[in-house]
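Residue numbers (the working numbering), protein chains in the order written: chain E, 6 to 210; chain F, 6 to 210.
Everything on this sheet refers to the single structure shown next.
Protein chains: 2
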Amino acid sequence: MYQSEIGVYRMNFLEERILKDGIVKEGNVLKVDSFLNHQMDVALLDEIGKEFHRRFADLKITKVLTIEASGIAIAYAAARCFGVPMVFAKKAKSINIDGDMYTAEVESFTHKNKNQIIVSKKFLSKDDKVLIIDDFLANGCALQGLISITEAAGGSVEGIGIVIEKGFQFGGRSIRNLGYRLESLAIVDSMDAATKTIVFREQGT
Amino acid sequence: MYQSEIGVYRMNFLEERILKDGIVKEGNVLKVDSFLNHQMDVALLDEIGKEFHRRFADLKITKVLTIEASGIAIAYAAARCFGVPMVFAKKAKSINIDGDMYTAEVESFTHKNKNQIIVSKKFLSKDDKVLIIDDFLANGCALQGLISITEAAGGSVEGIGIVIEKGFQFGGRSIRNLGYRLESLAIVDSMDAATKTIVFREQGT
C-alpha cells in the first residue's frame with residue numbers, strides 16, 4: 006500500500022518491486038538493473054508477460070515487436086503468452102541481414118547517441134497486428150521508430166506495452182495523443198535521488 | 006532422419022529446424038533469423054530452454070550468464086527452467102552502469118569489430134555456479150569473454166550451452182580442450198551455399 010495525498014493506492018507487483026529494489030540516481034535515472042535490465046528476475050519476467058497478455062487479451066495480436074537489447078526478454082515473455090512470434094529490431098547493420106529491410110532512426114536517452122534500427126521486411130507484413138513492447142519509455146524515440154517500422158510494413162500497431170514509463174518526460178503523452186493504446190505497468194511521475202522517493206501515477210487496472 | 010555415410014542419424018528438434026528454415030550463404034554464414042536471432046519462435050525457445058535444463062540438470066546452477074543481444078531470450082528460456090536469475094553482459098559502457106564492473110574484450114565474427122563487454126560486480130560472486138548460454142559459437146571470442154568475467158568474479162563456470170556451433174571453426178575445440186563442459190544443441194561440421202547442404206556432427210544425446 007502506498008499512502009498518497011488523496012488516499013490509499015494499491016500498487017501492482019511491479020511498482021512494489023521498483024520501490025523495493027529500484028535505485029534513484031541524480032539526473033532522473035532509475036536503476037532497475039538488479040531485476041530488469043542487466044540481471045533479470047525470471048519469475049518477474051514471467052509475471053510481466055502474463056500481465057501484458059491480460060491487458061491486451063482482447064486484441065488479435067499476430068506479432069510482438071521490440072528493440073534490442075533489454076526489450077528482448079520482456080517481449081519473449083509476452084509473446085509466449087500470446088503464442089505468436091517475437092521480432093526484435095536491431096541497432097546496427099549486420100552482414101547477416103539482407104538489404105531488404107525497414108529502417109528508422111532512434112536517439113538513445115541513455116547512451117546519448119543515434120542508432121539506425123532495422124527490421125527485415127520478411128518479418129513484418131500488412132497483415133500483422135502488432136503489439137510493441139519495451140522496458141522503458143522516456144522521450145519515446147525508440148517507440149516512434151518501432152511504430153514507424155510497423156506502419157511502413159503496412160501492419161497495424163494494436164497496442165504498446167511498456168514496463169516503466171517516465172511520466173515526467175513527454176514520450177507517453179505524445180504517443181497517447183496520437184491515439185495509440187499505450188499501457189505502462191508502472192508510470193513514475195517523479196523521483197528524488199536526495200530523499201530516495203518515487204511517486205507513481207495512480208492507474209486503474 | 007538424416008542419411009550420413011555411416012548410417013542413419015536421428016536429428017534433434019533443432020537440427021531439424023535448421024535444415025527446414027536455415028539458409029546457407031556464401032562465406033560460411035548460416036542465417037537462422039526467421040526463428041532464432043531476429044524473428045524468434047517462442048515455442049522453439051521454450052524447447053531450447055528445457056533441453057539445456059535437461060542436459061545440465063545435474064549441476065547446482067545459481068546463475069545463467071549470456072551476452073546481448075540474441076543470447077538474451079535463450080538465456081531467459083534456460084534460466085526459467087533452473088529457477089535462477091539471468092545476467093546478460095552488455096556491449097558498451099552505459100551511464101546507467103556503475104564504475105564497479107568486470108570487463109573483457111570481445112571480437113565479433115559477425116560485425117568484424119571489437120567490443121568491451123561488462124558485467125556489474127553486484128551480479129556475479131565467488132559463490133556463483135554459472136551456466137553460460139549463447140546462440141552461436143564460432144571462434145569463441147564472446148564465450149572466452151564470459152568465461153573470463155565469471156572467473157574474475159571468483160565464480161565457477163559449471164557448464165556452457167550453445168544453440169548452434171560452427172564445428173569447422175576453432176572455438177568449440179579450444180574451449181573443450183581447456184576442460185570446460187560445453188554442449189551445443191547442433192554442431193555444423195560443414196555447409197555449402199552452392200548445394201544448400203548442411204552437415205551436422207553426430208552427437209549422442
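Note that beta-carbon positions come from the ideal geometry of N, C-alpha and C, so glycine has one too.
What you are looking at is a predicted structure, and each value in this text was computed from that prediction instead of being measured.
Please state whether DSSP places residue 159 (chain F) in a helix, a strand or coil.
coil
For residue 65 (chain E), name the three-state secondary structure that DSSP assigns.
coil
I want to verify the contact list: residues of chain F whose CB lies under 8 Å from the CB of residue 95 (chain E), in sequence order.
Simply 43 and 74.
Compare the Cα-Cα distances from residue 108 (chain F) to each of F:119, F:124 and F:79 and report the closest residue.
F:124
Range covered by the alpha helix (DSSP H) that runs through residue 25 (chain E):
18–26
Count Cβ pairs between the segment 49–64 of chain F and the segment 52–69 of chain E that sit closer than 8 Å; are there 3 or more?
no
Spatial neighbours of residue 152 (chain E) within its chain, please: C-beta separation below 6 Å, excluding the five flanking residues on both sides.
Taken in chain order, the residues that qualify are 162.
If you measure from the beta carbon of residue 18 (chain F) to each beta carbon in chain E, is any gap under 8 Å?
no
Any beta carbon of chain F sitting closer than 8 Å to that of residue 81 (chain E)?
yes
Tell me which same chain residues have a C-beta within less than 8 Å of the C-beta of residue 66 (chain F), skipping the five on either side of it?
87, 89, 134, 135, 136, 163 and 164
Interfacial residues, the segment 41–68 of chain F to chain E, with Cβ spacing under 9 Å
42, 43, 44, 45, 46, 47, 48, 50, 51 and 68
Would you mind telling me which residues of chain F sit closer than 8 Å to residue 5 (chain E), beta carbon to beta carbon, in chain order?
The shown model of chain E, from 6 to 210, leaves out residue 5 (chain E), and the question about it has no answer.
Can you look up residue 142 (chain E) in the DSSP assignment and give me helix, strand or coil?
strand
Buried or exposed (CB count within 10 angstroms, at least 16 for buried), residue 200 (chain F):
Exposed is the label assigned to residue 200 (chain F), since fewer than 16 other Cβ atoms lie within 10 Å of its Cβ.
Would residue 48 (chain F) pass as a contact of residue 138 (chain F) if the rule is Cβ separation under 8 Å?
Not a contact, by the Cβ cut-off of 8 Å.
Just the C-alpha distance for residue 188 (chain E) and residue 78 (chain E), rounded to the nearest angstrom, thanks.
18 Å
Under three-state DSSP, which class holds residue 205 (chain F)?
strand
When the Cα of residue 155 (chain E) is compared with those of E:111, E:126, E:178 and E:168, which residue comes out closest?
E:126
Assigned exposure category for residue 182 (chain E) - 16 Cβ within 10 Å defines buried
exposed
Nearest residue (CA-CA) to residue 69 (chain F), options E:68, E:28, E:44 and E:71:
E:44
Per DSSP, which residues does residue 164 (chain E) bridge with? Please list them.
E:136
Taking only beta-carbon positions, decide if residue 25 (chain E) is within less than 8 Å of chain F.
no
Whole-angstrom Cβ separation of residue 184 (chain E) and residue 142 (chain E), contact assumed at under 8 Å?
Not a contact, Cβ separation roughly 16 Å.
Step through the CB atoms of chain E and report whether any lies within less than 8 Å of the CB of residue 205 (chain F).
Taking Cβ atoms only, chain E never reaches closer than 8 Å to residue 205 (chain F), which makes this a no.
Below 8 Å CB to CB, which residues in the same chain sit around residue 6 (chain F) once its five sequence neighbours on both sides are set aside?
Low per-residue confidence applies at residue 6 (chain F): pLDDT is 44, beneath 50, and the placement is therefore not dependable enough to give any value.
Test: residue 77 (chain E) CB closer than 8 Å to a CB of chain F:
Yes, contact with chain F.
What do you reckon, are the CB atoms on residue 110 (chain F) and residue 94 (chain F) nearer than 8 Å?
no
Whole-number beta carbon distance between residue 118 (chain E) and residue 75 (chain E), since they are thought to touch under 8 Å
Not a contact, Cβ separation roughly 16 Å.
Return the first residue and the last residue of the beta strand (DSSP E) that residue 179 (chain E) is part of.
No beta strand (DSSP E) contains residue 179 (chain E), which is instead part of the alpha helix (DSSP H) from 176–182.
Where the beta strand (DSSP E) through residue 194 (chain E) begins and ends
187–197
Can you tell me whether residue 195 (chain E) is buried or exposed, with buried defined as 16 or more other CB within 10 angstroms of its CB?
exposed
Using a Cβ-Cβ cutoff of 9 Å, what residues of the segment 165–191 of chain F are near chain E? List them in chain order.
none
Residues in its own chain within less than 7 Å of residue 85 (chain E) by CB, not counting five upstream and five downstream?
54
Through-space distance from residue 28 (chain F) to residue 202 (chain E), alpha-carbon basis
Distance between the alpha carbons of residue 202 (chain E) and residue 28 (chain F) is about 52 Å.
Grouping DSSP H, G and I as helix and E and B as strand, with all else coil, what is residue 89 (chain E)?
coil
Residue-chain proximity (residue 139 (chain F), chain E), Cβ-Cβ < 8 Å
no
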